[in-house]
Structure formats: C-alpha cells, structure tokens
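The numbering used here applies: residue 2 is where the sequence shown begins, and numbers increase by one. Data block below; observations after.
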Amino acid sequence: MNNECITTQAVQMPRAGPPPVPLTNRPITSGKFLFVGGQKLLVRGATYGPFQPEPDGCEYHTPREVMADFSLMREHGFNAVRTYTVPPRWLLDLAQGCSLRVLVGLPWEQHVTFLSSRKQMADIQRRVEAGVCQCAAHPAVLGYAIGNEIPAAVVRWYGHHRIEQYLRRLAEAARNRDPAGLLTYVNYPSTEYLELPFLDFVSFNVYLESEPKLAAYLARLQNSAGDRPLVMGELGLDSLRNGESGQAQTLAWQTQLTFEAGCAGLFLFSWTDEWYRGGEEIRDWRFGLTSRSRAPKPALAQAARVFSRAPFARERSWPSASVVVCSYNGGQTLANCLEGIRRLDYPSFETIVVDDGSTDNVPAIAERFGVRLLRTPNGGLSRARNIGWRAAQGELIAYLDDDASPDPHWLRYLASTFLEGDFAGVGGPNIAWPGDGFVAQCVDQSPGNPTHVLLTEREAEHLPGCNMAFRKACLAAVGGFDAQFRIAGDDVDLCWRLQQQGWRLGFHPAAMVWHHRRGTVRGYWRQQFNYGKAEAMLEKKWPEKYNAVGHTTWSGRLYAKTLLGASGWSQRRIYHGTWGTALFQSVYDARPGMLASILMLPEWYLVIGALALLSLSGFFYAPLRYLAALLVLAFIPPLLHAAISGIRAVSRNPHAGPLRKASLALGTASLHFLQPAARLLGRLVFGLTPWRSRGARRPMLPLPNSFTLWSEGHWQSAEQRLKLLEYSLRGNGAAVVRGGDYDRWDLEVRGGLLGSARLLMVVEEHGQGRQFVRLRLWPMGKPAVLVLAALCSSLAMIAALHLEWASWALLNLPAILLVGRTLYEAGSAMAALRRAMPIQQRPSSPVDTQILSVESRAKDAANVSPSILSEASL
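Right, here's the structure in full:
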C-alpha cells in the first residue's frame with residue numbers, strides 16, 4: 002500500500018448544530034504535555050460508544066443523536082472523545098464542529114494469542130492501516146490508540162519483548178499512513194512494564210477507589226513515562242453499585258487528583274450508560290455520566306466543575322514566590338527564559354535576574370521585560386544565587402537557568418508540592434528544548450545532562466540546579482549556597498546539607514522546564530570537564546558520599562535516558578505474582594553488577610591506557626605482546642554501550658527520517674565516547690584520582706591493634722560512641738563507611754582505592770555506669786591487587802630465567818607499586834582511626850576531660866549540626 006489514504010466523503014452536519022469551530026492545528030507533544038498552536042491542551046474527555054449497530058453497520062447511531070451528545074459535552078467543558086472503534090468520517094466532522102478532538106481506537110483481536118499466526122498478524126496490520134487511512138489528516142483527530150489492554154496472560158505467554166516488537170510494527174504502519182498523527186497504546190496496571198518508547202504519549206486505564214493509592218500510582222506512572230505526556234485512558238465508577246451520589250463524589254476527586262498529578266488529560270468512562278459489546282447490550286453496570294436516555298447524572302456536573310478550573314480546582318492560599326535567574330553572558334537564551342516566566346499562571350510572584358558580571362546584552366534584555374535586575378561583579382554561580390535569594394521577597398525561591406523556560410503551570414506544581422508535604426526543597430524534570438539543533442539532540446541522548454535522583458516516587462535525593470525551589474527560611478538556616486562552587490556542584494552540595502539537617506526534598510513530575518542542551522561538541526566537552534571538576538570539589542567536602550574509586554553512591558534511583566539498565570547492562574525483573582495473577586505487575590531494574598559498573602566508569606579509559614603501554618612494552622619482552630588481545634577486548638564494553646545507546650536514541654525519535662536516524666545514532670554513539678574522557682580529565686586535573694589518599698598524612702605501620710577505655714559515671718551506648726567517632730573521622734576528612742547488617746565490623750576508613758582499616762567495638766558493663774570499652778583495629782587490602790601483584794612477579798621471574806633483566810625490572814615495578822601503595826593506604830587509614838580515638842586510660846582515671854576534647858574536635862572539624870552532635874555526644 003502507498004502512503005496516501007482515500008478518505009470517505011463527509012456527511013453534512015445538521016443545521017440545528019452549533020457553527021463550526023475551525024480546528025486547523027493538529028496536536029503535538031512537547032515534554033509532559035500536549036500543545037496546539039503553542040497553547041497547552043489539557044485533555045478533558047469521555048469515552049464514547051460503541052453502541053448497537055444501525056442497519057448500515059454504524060456503531061454510533063445517527064448524526065443527529067451524536068450531535069446532541071457532542072453539544073452537551075461542549076456545554077460541560079469537554080474537549081475530547083475517545084472511541085474504541087474507528088469512527089465514520091461524519092463523526093469526526095461533527096466533533097470538529099463542537100471543538101472536540103477524537104482519540105481513535107484501532108480495534109483488533111487483543112484478547113487472543115495473536116502472534117501465533119503470521120496471517121493473523123498481517124491481517125491486524127492491514128486493519129490498523131485501513132483505520133488510520135479512514136481518519137488520516139482530519140483536524141479533529143487527537144491521535145490513534147494502536148491497542149488497548151492486551152491481557153497480562155497473553156503478554157506473559159509470548160514474553161514482553163515480542164509484544165513490544167509487534168506494537169512497534171503497528172506504530173510504524175500507522176505512522177506511515179498519517180505521519181502527523183499522535184500514537185499511543187492504552188495500557189493498564191497488569192502490564193505496566195511494557196517499554197514502548199516509540200509512542201508519542203503514554204495512556205493508562207486505572208480504576209482505584211482510594212485517593213492515597215491513586216495519588217501514589219499516578220506518581221509512579223508519571224516517573225515511568227519519563228519525558229512524555231501521561232493521559233488517563235479510563236477513569237470511572239459504577240453508579241449502579243455505588244449510587245449516583247457516590248459516583249459523583251469519586252469522579253470529582255479522581256479527576257481533580259489526575260490533573261494535580263500533572264497528567265496531560267483524562268477520559269472519563271463513560272459518556273453514557275449505553276454500551277454494546279460482544280454482540281449484546283451491557284446492562285449490569287452504569288458507568289455513564291448520563292443515563293441511557295442521556296439524562297445527566299450528578300457526576301456530569303462535578304466533572305464540569307473540575308474541568309472549568311483545571312489543573313488546580315481546589316481553593317488554596319498560594320505562598321508568595323520569587324523566581325531567580327542567574328546569568329553570565331546568557332543573552333542568547335535569556336529572552337526565551339523570561340518570556341516563559343511571563344506566561345506563568347501563578348497569583349503572586351516576582352522575577353529577579355542576577356547579572357553575574359555579564360559583558361553581553363543581559364541587562365538590556367532584563368530591562369526590556371521589566372523584571373528586577375541585580376548587577377554584581379562576576380563571582381560565580383553560587384554567589385549569584387545567594388544574592389538572589391537574599392534580595393527576594395517570596396516565601397519560596399524558585400531557580401531557573403538562563404537557558405531554561407518553564408511550563409505555564411510550573412510554579413503551581415512546585416508550590417502545591419510544598420503545601421502537601423513537609424519539604425525544604427522541591428524540583429521537577431528538565432526536558433530538552435524542542436527544535437534545538439542536531440548536536441543538542443545528540444547531547445540530549447548522551448550521558449552527563451542534569452537529572453534528578455529519587456528516593457521514592459515523590460521524594461528526591463538530588464534536584465538539578467536548572468529546576469529547583471526552596472523555602473527561603475531553609476536557605477537562610479544553612480547559609481545558602483557554598484560560594485566555592487562557581488560553575489557546578491552547588492546544587493548537589495545544597496541538597497546534601499539540607500538533608501543533613503533532617504529535611505526532605507520533594508519532586509513533582511509535571512513541574513517541568515525546557516532546557517537547552519549544549520549545541521556544540523566543544524560546549525559539551527567543557528560542560529563535562531567542569532562537571533568532573535565539581536565532582537572533585539564535592540569529594541573533598543563530602544568524602545563519605547563517594548566510593549573508593551571516587552563516584553557518588555546515591556541511595557535513590559537516578560532518572561536519565563542513559564541509565565545502564567536502559568542500555569542493556571542490567572536485567573529487568575518483572576513481578577507477575579503467582580501464576581501471573583498480580584493486579585499490579587511492575588518492573589524492577591536490577592542494579593548492574595560490579596564488573597558491569599567498572600566497565601562503564603570513566604576510569605576504564607585508564608585501564609585501556611595501561612594495557613596500551615604494556616602492549617607497547619612487547620617490543621622489549623615478547624610475551625607482553627599477547628596483551629594486545631586484552632587491549633582489543635577492553636574497547637568492547639564502551640563500544641557496545643555506545644552502540645546500544647545510539648540505537649535507543651533512534652527509538653526515542655520515531656518521527657525522524659532514515660538519514661536523520663542514522664546520523665542521530667552515529668552522533669549519540671560518538672558522544673558516549675567523548676563524555677567519559679572529558680569527565681575523567683576534569684576529575685584527574687582537580688585531584689579526584691583513583692590513587693588519591695584519604696587517610697592521615699603520616700601513616701602508621703599497618704598491623705592489627707587493640708585499645709581500651711575505662712569510663713566511670715558517664716554511661717554511653719556503643720551506638721553513641723561510634724557515632725561520635727564517625728563524626729570526628731569525617732571532620733578530619735576521612736572517608737568512613739558503616740558496617741552493614743551482615744558485617745562483623747562497625748566502621749571502615751578508606752585510605753584510598755587499595756587499602757583501608759576497620760574497627761570493631763565492644764562495651765563491657767560493670768554496673769553503676771561503669772564501662773570498659775575495647776576497640777580493635779586491623780588493616781585491609783584488596784585481594785585482587787595481591788593476585789595482580791603476584792601475577793606480575795611471576796612474569797618477572799620467568800623473564801629472569803631467560804635473563805631478560807629489563808623485562809624483569811619492568812614487571813617487578815607494578816608489583817612493588819601495588820603492594821607498597823596498599824600498605825601505605827592501609828597505614829594511613831589506621832593512623833586516621835587511631836588519631837580520632839580516645840587515648841588509653843587506666844581504670845581509675847577520670848575520662849570526662851578526654852571525652853570533651855574528642856567532642857570538641859568533632860564539632861570544629863566536622864561542622865556537624867549541634868542537635869545531631871548533642872544526640873550522639875559521649
């Protein structure tokens with residue numbers, strides 16, 4: 002079949018209907034929402050039909066009856082209709098006349114094992130193509146649903162990969178017939194794990210009659226939808242079993258909650274109690290907003306009330322807010338940023354632009370928009386942000402980068418999260434600016450972009466600086482941003498300091514901003530280099546937040562397009578329940594193993610470099626030439642990761658042409674090689690190296706040691722003693738790790754990548770507050786290091802037997818360096834532990850003086866909150 006569709010002739014509209022309203026622009030998706038002609042489109046819809054077929058086979062009655070239904074919909078604020086079968090062309094004409102957009106359902110045998118027959122698969126595809134052709138290019142078409150609720154048992158029978166591949170095939174067939182048409186698949190909780198990145202927006206049918214459960218599930222769906230809009234395909238309640246009053250009350254909060262959760266819209270199930278399915282009238286339920294005779298129920302009035310004020314229908318006392326934009330030579334994008342702020346829908350806010358010593362037209366742009374302008378000599382991003390919040394008058398301080406633009410309801414989503422939870426800060430996603438150039442599109446699919454880290458679906462561990470808001474009182478309490486972070490890292494540091502105070506950070510998936518990605522390869526390189534520098538600065542201030550290699554150990558889940566799990570390095574585990582009967586079948590991405598994690602670190606490039614040097618040494622010692630094979634193998638992991646990421650980048654851009662897809666795949670793959678190199682260089686230049694030392698400067702001999710402490714009249718639990726020791730160590734710059742549930746040690750201090758020291762404490766109780774504390778310290782080394790050193794020594798011995806003395810020296814050198822470095826780092830860690838411990842005392846000696854000295858050291862060095870230290874003091 003060719004790409005041109007022959008459409009049926011439109012049926013003339015009844016004269017009694019309203020005058021036609023032109024719907025000339027077709028909807029598009031941008032970030033988390035749908036837009037028409039630059040205006041946000043919140044879908045306010047109802048499902049419609051099918052009804053008992055007419056003699057001519059039409060499942061939607063007559064044009065006059067449909068016109069009456071559509072007119073009533075329009076009067077009550079509806080703007081969309083969802084059908085389950087392909088509607089006749091005249092129905093689309095009537096919908097256009099009533100300013101209604103139609104989500105067209107493409108029906109096929111979803112309830113059977115349809116992949117068992119190639120003939121059936123081809124027939125389904127032909128019917129999907131024919132259905133799209135029947136509606137193609139009509140201005141009333143909202144989009145096409147290429148499927149609806151494939152049963153969980155069928156998906157489990159074939160496996161989710163085969164179902165995903167077939168739905169992709171249907172989507173490509175539909176897109177070929179109507180390239181501008183939006184596509185979705187209407188899923189439901191039992192198969193929520195289906196990954197369908199080729200769809201334009203995500204749709205779900207959800208029936209939950211508990212407000213907290215629906216709120217939690219909507220948050221889960223929003224995060225799994227990622228950068229795409231989420232539309233509720235069905236929401237409803239049966240008035241036959243719950244009463245019309247109960248139906249109205251439930252639909253009111255369901256509808257309100259759906260919009261406040263940031264969904265792009267919803268379809269209430271259904272418009273009328275009349276429904277025909279499976280060859281018979283359905284009469285044992287009444288989900289309709291109207292009766293079979295089209296008499297309105299109370300639920301219709303409730304829906305109209307919520308629709309009229311969406312997305313926030315409840316009366317609220319909104320807190321005052323200040324939007325702060327810090328700019329240094331950002332005149333190229335600042336106008337777009339301020340234009341977006343000017344379109345914000347919020348009752349009380351001010352806009353502040355902090356000009357951080359710009360030499361371009363930033364002041365002129367700010368004055369043109371009439372915002373409050375604060376000019377200061379260049380002092381870095383953190384200092385500019387501090388100037389902004391200190392001058393602000395709002396209760397909430399919302400930060401935007403000068404290359405970002407907010408959604409019109411951005412501030413309301415942020416403020417509503419503050420109102421609903423006890424949060425010190427709140428943020429949202431940042432999504433690539435639509436229409437950016439080719440390099441920016443590749444950068445968006447590459448690692449290193451600002452992203453959020455979530456502990457739960459609504460609580461964050463980290464909020465990126467381009468989209469974050471804080472209570473002004475909380476900023477004042479922690480002293481604002483640390484001015485040492487001039488370019489990056491300030492947002493991470495602030496989030497950690499707020500959480501150190503015991504405060505929480507919130508997240509709203511719809512509080513989105515459009516954010517320009519770097520538009521040149523050079524700009525991307527500089528950004529990643531600076532991020533590497535910021536990581537080095539953060540590691541010096543927060544060593545306990547980093548592992549031995551020097552990477553952040555997040556407690557939450559990192560949300561990014563380039564997650565390892567999304568690129569094939571970890572397995573997706575799907576919870577089906579016993580015999581596949583679970584109502585909510587969720588997917589869980591298992592964390593990549595240690596080997597996979599090491600292979601994807603920037604430091605893997607150092608391994609490649611070391612293997613290259615050893616391979617070149619084969620000119621002096623022939624056996625080393627065989628390491629060239631290992632060198633080739635070392636290139637495979639980053640190459641494979643880049644290739645997979647390039648393929649996935651193409652799947653996320655289904656509207657691109659063949660040449661564009663190939664270019665996008667190649668460009669994205671290339672940046673996956675570039676980014677780790679830039680990040681690694683920034684880390685190495687500023688001291689964040691795998692061979693850095695974190696222990697005491699003067700190491701001690703790494704031998705096991707035991708210490709004792711006698712305490713009279715000052716009883717203290719082992720946990721409190723360990724806490725104070727931990728704070729003292731951290732205050733002195735040591736990287737401390739607590740023992741886990743299955744460990745026979747309490748604290749570990751890392752001297753570096755290779756060596757560490759551990760501590761175990763036991764407290765003997767002698768009555769009347771007297772305690773005898775025993776402490777044991779011992780060094781630790783990496784077994785793999787010893788194995789590698791032994792291997793090098795063995796090769797050196799072989800070289801000596803052949804009188805290859807140059808090779809003998811060359812091979813012994815890494816063995817000596819590895820063993821020596823391990824001993825040094827273990828000794829440094831031992832010394833750090835020893836220095837932080839109370840000195841040994843005779844049983845009869847008082848201990849209050851020494852305890853106070855340890856507490857004073859911890860307060861001064863660790864800069865720990867006094868309330869926390871008091872709780873853990875000796």
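Backbone N, C-alpha and C define an ideal beta-carbon position, used for all residues, glycine too.
Beta-carbon spacing of residue i, residue j below 7 Å
| i | j | result |
| --- | --- | --- |
| A613 | L632 | yes |
| A314 | L43 | no |
| V232 | S191 | no |
| L236 | Q255 | yes |
| S616 | A629 | yes |
| A666 | Q446 | no |
| L200 | L222 | no |
| I432 | G734 | no |
| L748 | A837 | no |
| G331 | V427 | no |
| N379 | D356 | no |
| K891 | F687 | With the chain covering only 2 through 875, there is no way to say anything about residue 891. |
Coil, strand or helix - residue i by DSSP
| i | result |
| --- | --- |
| F674 | helix |
| N224 | helix |
| E462 | strand |
| D849 | Below a pLDDT of 50, predicted positions are generally treated as unreliable, and D849, at 37, falls in that range; the measurement from the model is reported next regardless. DSSP places D849 in helix when its eight states are reduced to three. |
| H715 | coil |
| R278 | strand |
| S568 | Reliability of the predicted coordinates at S568 is poor, the pLDDT of 42 falling under 50, and the value obtained from them is presented with this limitation in mind. Correct three-state label for S568: helix. |
| N706 | strand |
| M781 | strand |
| R376 | strand |
| C99 | coil |
| R295 | coil |
| W411 | helix |
| W806 | helix |
| W515 | strand |
| T185 | strand |
| V479 | helix |
| C327 | strand |
Where the beta strand (DSSP E) through residue i begins and ends
| i | result |
| --- | --- |
| M762 | 756-766 |
| W286 | Neither: W286 is in no beta strand (DSSP E) and is coded neither H nor E. |
| P54 | Run containing P54: none; DSSP gives neither H nor E here. |
| I353 | 350-357 |
Residue span of the alpha helix (DSSP H) that contains residue i, given as start and end
| i | result |
| --- | --- |
| P1 | Since the displayed the chain opens at 2 and closes at 875, residue 1 lies outside it and no answer follows. |
| Q248 | 240-261 |
| F471 | Per DSSP, F471 belongs to no alpha helix (DSSP H); it is in the beta strand (DSSP E), 468-472. |
| N177 | 161-178 |
Whole-number beta carbon distance between residue j and residue i, since they are thought to touch under 8 Å
| i | j | result |
| --- | --- | --- |
| A465 | P451 | First, the amino acid is wrong: residue 465 is Pro here, not Ala. The Cβ separation is near 4 Å, so the contact holds. |
| V324 | F350 | 6 Å |
| A511 | G429 | 7 Å |
| L269 | L252 | 7 Å |
| G227 | N206 | About 20 Å; that fails the 8 Å criterion. |
| E110 | A174 | Rounded, the Cβ-Cβ distance is 16 Å, inconsistent with contact. |
| F87 | C136 | Per the sequence shown, residue 87 should be read as Val rather than Phe. Sure, about 7 Å apart at Cβ, within 8 Å. |
| V326 | D408 | About 16 Å separates the two Cβ atoms, so there is no contact after all. |
Near the ligand GDP: residue i beta-carbon under 6 Å from a heavy atom
| i | result |
| --- | --- |
| S31 | Because no ligand of any kind appears in the structure shown, any question about the ligand GDP cannot be addressed here. |
Counting pairs of beta carbons, one from the region 525-532 and one from the region 397-415, are three or more of them closer than 8 Å? The region 525-532, when compared against the region 397-415, does not touch it at the 8 Å Cβ threshold.
Please determine if the region 388-402 and the region 459-478 are in contact, where contact requires at least 3 C-beta pairs separated by less than 8 Å. These segments touch.
Between the region 378-385 and the region 477-484, can you find at least three pairs of beta-carbon atoms closer than 8 Å? These segments touch.
Whether or not the region 128-146 and the region 99-110 are in contact is what I'm after, with contact meaning three or more pairs of Cβ atoms, one per stretch, closer than 8 Å; do they touch? Judged by Cβ distances under 8 Å, the region 99-110 makes contact with the region 128-146, as three or more pairs qualify.
For the region 756-764 against the region 773-781, do three or more pairs of beta-carbon atoms, one drawn from each stretch, fall closer than 8 Å, so that the two count as touching? Contact between the region 756-764 and the region 773-781 is present: 3 or more CB-CB pairs across the two stretches fall below 8 Å.
Taking 8 Å as the threshold, find out whether the region 740-756 comes into contact with the region 692-706 through three or more Cβ pairs. Under the 8 Å Cβ criterion, the region 740-756 counts as touching the region 692-706, having at least three qualifying pairs.
Taking one C-beta from the region 277-284 and one from the region 49-69 each time, how about it: are there three or more such pairs within less than 8 Å? With the cut-off at 8 Å, the region 277-284 and the region 49-69 touch.
Is there contact here, the region 551-560 with the region 452-460, by at least three beta-carbon pairs under 8 Å? Because the criterion of three Cβ pairs below 8 Å is met, the region 551-560 and the region 452-460 touch.
Kindly confirm or deny that the region 354-365 and the region 322-340 touch, where touching means at least three C-beta pairs closer than 8 Å. A contact exists between the region 354-365 and the region 322-340.
Is the number of C-beta pairs between the region 199-218 and the region 535-551 that are closer than 8 Å three or more? No, the region 199-218 is not in contact with the region 535-551.
State whether the region 292-310 contacts the region 78-86, with contact taken as three or more CB pairs (one from each stretch) at a distance under 8 Å. Yes, they touch.
Are the region 702-711 and the region 670-683 touching, with three or more C-beta to C-beta distances below 8 Å? Contact annotation: the region 702-711 does not touch the region 670-683, with fewer than three C-beta pairs closer than 8 Å.
Tell me, please, whether the region 735-749 touches the region 803-819 by the rule of three or more beta-carbon pairs shorter than 8 Å. Taking 8 Å as the limit for Cβ pairs, the verdict is that the region 803-819 does not touch the region 735-749.
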